[in-house]
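> Here it is, the structure, as structure tokens.
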Amino acid sequence: MKNIVLFGPPGAGKGTQSERLIANFGFAHLSTGDIFRRNIKGNTPLGSLASSYLSKGELVPDRVTIDMLEQEFDTSASGSGFIFDGFPRTIAQAEALDAFLGGKNNQIHVMVAIEVPEEELVKRLLLRGQESGRPDDANEEVVRNRIKVYEEQTARVAGYYGAQGKFRAVNGLGSIDDVYERLIGAIGL
Ligand code: AMP
0 MKNIVLFGPP
10 GAGKGTQSER
20 LIANFGFAHL
30 STGDIFRRNI
40 KGNTPLGSLA
50 SSYLSKGELV
60 PDRVTIDMLE
70 QEFDTSASGS
80 GFIFDGFPRT
90 IAQAEALDAF
100 LGGKNNQIHV
110 MVAIEVPEEE
120 LVKRLLLRGQ
130 ESGRPDDANE
140 EVVRNRIKVY
150 EEQTARVAGY
160 YGAQGKFRAV
170 NGLGSIDDVY
180 ERLIGAIGL
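Here it is, written out as structure tokens:
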């Protein structure tokens, strides 16, 4: 059993690569972005709280996000472990996740970052905005703000796992197959 944090800026390919890892290895997928979007679509109280943050490309407050993640973890079947996709995005979230998993005699085994240069990210996200209709991908100002939020608030989470000897990075350029092979190698699957 392995718990993996799939890390990287918006547009790096975390969702795409998660799907492959799940299909091939049976991990459970915990994507906080997907959970927020599901709640917004379903008009839940959590969705109405989160929607203004998502539409601006800002982070939803830590307490709300952590509580939601913990609840989702507890109601998911673990399979061969969990892929955390889009979480943790702040040091407070990383600390909360360690405490939460530690309380269950569990832990994060590895964090893998998918690295992609900014201009490529903007290109990919705007294309995805046209294809998927995801509103926070369709607007260049929001796309650039999400990358800025990543640089300012999220990138440092890599150092948190680095200090635990759990951080790996792979080049996110090239075909989906190429990046997948690099990920498998980095995770040790
Ligand atoms: P994503 O699908 O991972 O790109 O996330 C889409 C949006 O959901 C982000 O721009 C944030 O507004 C919100 N979000 C997702 N995950 C988190 C998180 N771990 N902490 C705070 N906000 C989040």
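Using numbering that gives the first Met the number 0, the first residue of the sequence shown is number 0, and each one after it goes up by one.
Just so it is clear, CB atoms sit at the ideal spot from N, CA and C, and this is done for glycine as well.
Only a predicted model underlies this, so the values are computations on that prediction, with no experimental measurement involved.
1) Restricting to Cα atoms, I'd like to know which of S75, F24, R127, L100 is closest to A11.
2) Curious, which full-length alpha helix (DSSP H) runs of at least 4 residues does the stretch 4-40 contain?
3) Compute every distance between the C-beta of T43 and the non-hydrogen atoms of the ligand AMP, then say whether any falls below 7 angstroms.
4) Given K13, which residues of its chain have a CB within under 7 angstroms of its CB, disregarding the five upstream and five downstream residues?
5) Roughly how far, in whole angstroms, is the beta-carbon of D135 from the beta-carbon of L53, given that I think they are within contact range, below 8 angstroms?
6) Buried or exposed for T15, going by 16 or more other Cβ atoms inside 10 Å?
7) With a threshold of 7 angstroms (Cβ to nearest heavy atom), would Q70 be considered close to the ligand AMP?
8) For the alpha helix (DSSP H) containing R143, name the first residue and the last one.
9) When the Cα of D61 is compared with those of G187, T153, A137, L188, which residue comes out closest?
10) For E118 and T43, what's the separation of their Cα atoms in angstroms?
11) Do F81 and V59 come within 8 angstroms of each other at the CB atom, strictly closer than that value?
If we stick to the structure as given:
1) For this step, residue 11 is matched to residue 12 along the sequence shown. Considering only alpha carbons, the answer is R127.
2) 13-24, 31-40
3) Mapped onto the sequence shown, residue 43 falls at position 44. No, the Cβ of T43 stays beyond 7 angstroms of every heavy atom of the ligand AMP.
4) Position 14 of the sequence shown, counted from the first residue, corresponds to residue 13. Excluding residues within five positions, the ones whose Cβ falls inside 7 angstroms are L5, G7, D84, G85, I113.
5) Indexing the sequence shown from 1 puts residue 135 at position 136. Indexing the sequence shown from 1 puts residue 53 at position 54. With a Cβ gap of about 6 angstroms, D135 and L53 count as contacting.
6) Counted from its first residue, the sequence shown places residue 15 at position 16. Under this definition T15 is an exposed residue.
7) Taking the sequence shown and counting its residues from 1, the one referred to as residue 70 is at position 71. Not under cutoff, so the answer is no.
8) Your numbering for residue 143 matches position 144 in the sequence shown. Taken as a continuous stretch (DSSP letters only), the alpha helix (DSSP H) holding R143 covers 139-148.
9) Reading the sequence shown from its first residue, position 62 is the one you call residue 61. When each option's Cα is compared against that of D61, the closest is T153.
10) In the sequence shown, the residue the question calls residue 118 occupies position 119. In the sequence shown, the residue the question calls residue 43 occupies position 44. E118 and T43: Cα-Cα distance of roughly 35 angstroms.
11) The sequence position of residue 59 within the sequence shown is 60, counting from 1. The sequence position of residue 81 within the sequence shown is 82, counting from 1. Cβ atoms of V59 and F81: not closer than 8 angstroms.
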